[in-house]
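Read the sequence shown against my numbering and you will find it ends at 260, with the numbers running on by one and no gaps. A virtual CB, placed ideally from N, CA and C, is assigned to each residue, including glycine. Please read all numbers here as calculations on a predicted model, not as lab measurements. The structure appears below as structure tokens.
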Amino acid sequence: MYDTVLYDVSGAVARIALNRPDRLNAFDDVMTRETIDAFRQAGRNADVRVIVLTGTGRGFSAGQDLTAFQARGADISIGEHLRHGYNRLVTQMRELEKPVITAINGVAAGAGMSIALAGDLRLASDQASFMQAFVKVGLIPDSGSTWMLPRLIGPARALEMMITGNRVSAQDALSWGMINHVYPTAEFEAGVQTWAQGLAEAPTRAIGLIKRAFNRALTSTLAEALEYEAHLQDVAGATADHREGVSAFLEKRPPRYRGE
Ligand code: LHQ
């Protein structure tokens, strides 16, 4: 269906795989457009309750395809390129009211790293590495890295990564709090699958509302956060999954959430 992205749905799990392995899944315009479209599809499909974004081959994504970008000529505004592509994708991932797992199988560089960070749960293979590669080509971090990275690993480490472009291992990324879990390569697929299956059986509406509250709270005052929590709790409290969760607890049985 797509030229540069593999998309499949198995049960309640949608898997989007960036698929330009000979370029370490660097983004050209087609892949950006197709990734956005695949997320849109997964968002609209009520059967899908978790999305996994990964890469084929040995990379997650090497960021902007520099060959493709140079071929577009000098008069193209990078700002417009970002607004129409990466900014939409990152916003879409953060605002999608379903959990998004980024399964970081290999190197994540430049905008590829920003997109890896935009996942709600970041799982990495021990082959993965992270590079704020932008400075190596005389650019500043984009696609959300300036916002996300200091929040995850603190300003000292974030700025060092940004101004050096040095490569950081999956183990260091884990110990710095950039990612959630690291798996030995042989166990990576199974680890991702276990997480995806667990989230596919979770109360999806509540997770969507948690994302809303979480994102808003990152830029709000305590008073605003308290009020927004109260507002969204009314919404969560009216879901079938909330009723099921309470019944299951009182009946001492595992809950069966339907995501409604
Ligand atoms: C690539 C790329 C690539 C093309 C590997 N492009 N071919 C936004 C908007 C507009 C403009 C610009 O930027 C942005 C945001 C950004 O993302 S800027 C940052 C762009 N990314 C980079 O600068 C990373 C460039 N890549 C690398 O530094 C290395 O490839 C890393 C460190 C990621 C991996 O190194 P290796 O494992 O040694 O692999 P490799 O370098 O041998 O790459 C394999 C192939 O992939 C190779 O092609 P070849 O034909 O020689 O086998 C590379 O040329 C190609 N490739 N990244 N971004």
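Terminal residues of the beta strand (DSSP E) in which D8 lies: On the sequence shown, residue 8 is found 8 positions in, with the first residue counted as 1. Run containing D8: 5-10, per the beta strand (DSSP E) assignment.
Over what stretch of residues does the alpha helix (DSSP H) that includes G198 continue unbroken? Within the sequence shown, residue 198 is the residue found at index 198, counting from 1. In the DSSP assignment, G198 falls within the alpha helix (DSSP H) that extends over 185-200.
Coarse secondary structure for T146, derived from DSSP in three states: Here residue 146 refers to the residue found at position 146 of the sequence shown. Helix, per DSSP.
Per DSSP, what kind of secondary structure is L18 in: helix, strand or coil? Reading the sequence shown from its first residue, position 18 is the one you call residue 18. Correct three-state label for L18: strand.
Please state the DSSP three-state secondary structure of G165. Counting from one through the sequence shown, the residue named residue 165 turns up at place 165. Reduced to three states, the DSSP call for G165 is coil.
In its own chain, which residues sit with a C-beta less than 8 Å from the C-beta of L218, not counting the 5 before and 5 after it? For the purposes of this step, residue 218 is taken as the residue at position 218 of the sequence shown. R151.
Can the beta-carbon of T32 be found less than 7 Å from the beta-carbon of R20? As a position in the sequence shown, residue 32 is number 32, starting the count at 1. As a position in the sequence shown, residue 20 is number 20, starting the count at 1. In this structure, T32 lies away from R20, with their beta-carbon atoms at least 7 Å apart.
Just list the residues that DSSP pairs V13 with in beta bridges. Position 13 of the sequence shown, counting from 1, holds the residue named residue 13. S10, V50, per the DSSP bridge assignment.
Spell out a yes or no on whether the segment 116-134 and the segment 67-85 are touching, meaning 3 or more CB-CB pairs, one atom from each, closer than 8 Å. no
With burial defined as no fewer than 16 other Cβ atoms inside 10 Å of the residue's Cβ, what is the status of N105: buried or exposed? Counting from one through the sequence shown, the residue named residue 105 turns up at place 105. Buried: at least 16 other Cβ atoms inside 10 Å.
What is the residue span of the beta strand (DSSP E) that L123 lies within? Counting from one through the sequence shown, the residue named residue 123 turns up at place 123. Counting along the chain, L123 sits inside the beta strand (DSSP E) bounded by residues 121-125.
My output table needs one value for A109: the three-state DSSP class, helix, strand or coil. Taking the sequence shown and counting its residues from 1, the one referred to as residue 109 is at position 109. A109 falls in the strand class under three-state DSSP.
Taking a contact to mean a Cβ-Cβ separation below 7 Å, would you say V100 touches G73 in this structure? Here residue 100 refers to the residue found at position 100 of the sequence shown. Here residue 73 refers to the residue found at position 73 of the sequence shown. Not a contact, by the Cβ cut-off of 7 Å.
From which residue to which residue does the beta strand (DSSP E) around M93 run? Taking the sequence shown and counting its residues from 1, the one referred to as residue 93 is at position 93. Here M93 belongs to no beta strand (DSSP E); instead the alpha helix (DSSP H) covers 86-95.
For G43, which three-state DSSP category applies? Stepping through the sequence shown from its first residue, residue 43 is reached at position 43. It is helical.
Check whether the segment 190-205 touches the segment 47-64, counting contact only when three or more Cβ pairs, one atom from each stretch, lie closer than 8 Å. The segment 47-64 and the segment 190-205 touch, with three or more beta-carbon pairs separated by less than 8 Å.
Option nearest F188 by Cα separation, candidates W147, A124, L232, T221: Sequence index remark: in the sequence shown, residue 188 carries index 188 (1-based). Looking at the Cα atoms, A124 is the closest of the given residues.
CA nearest to the CA of K274, picked from A230, L222, E201: Beyond the ends of the chain as shown, which are 1 and 260, falls residue 274; an answer cannot be given.
Looking only at its chain, what residues have a beta carbon closer than 8 Å to the beta carbon of E34, apart from the 5 residues adjacent to it on each side? Position 34 of the sequence shown, counting from 1, holds the residue named residue 34. So the list reads Y2, D3, T4, V5, once near-sequence residues are dropped.
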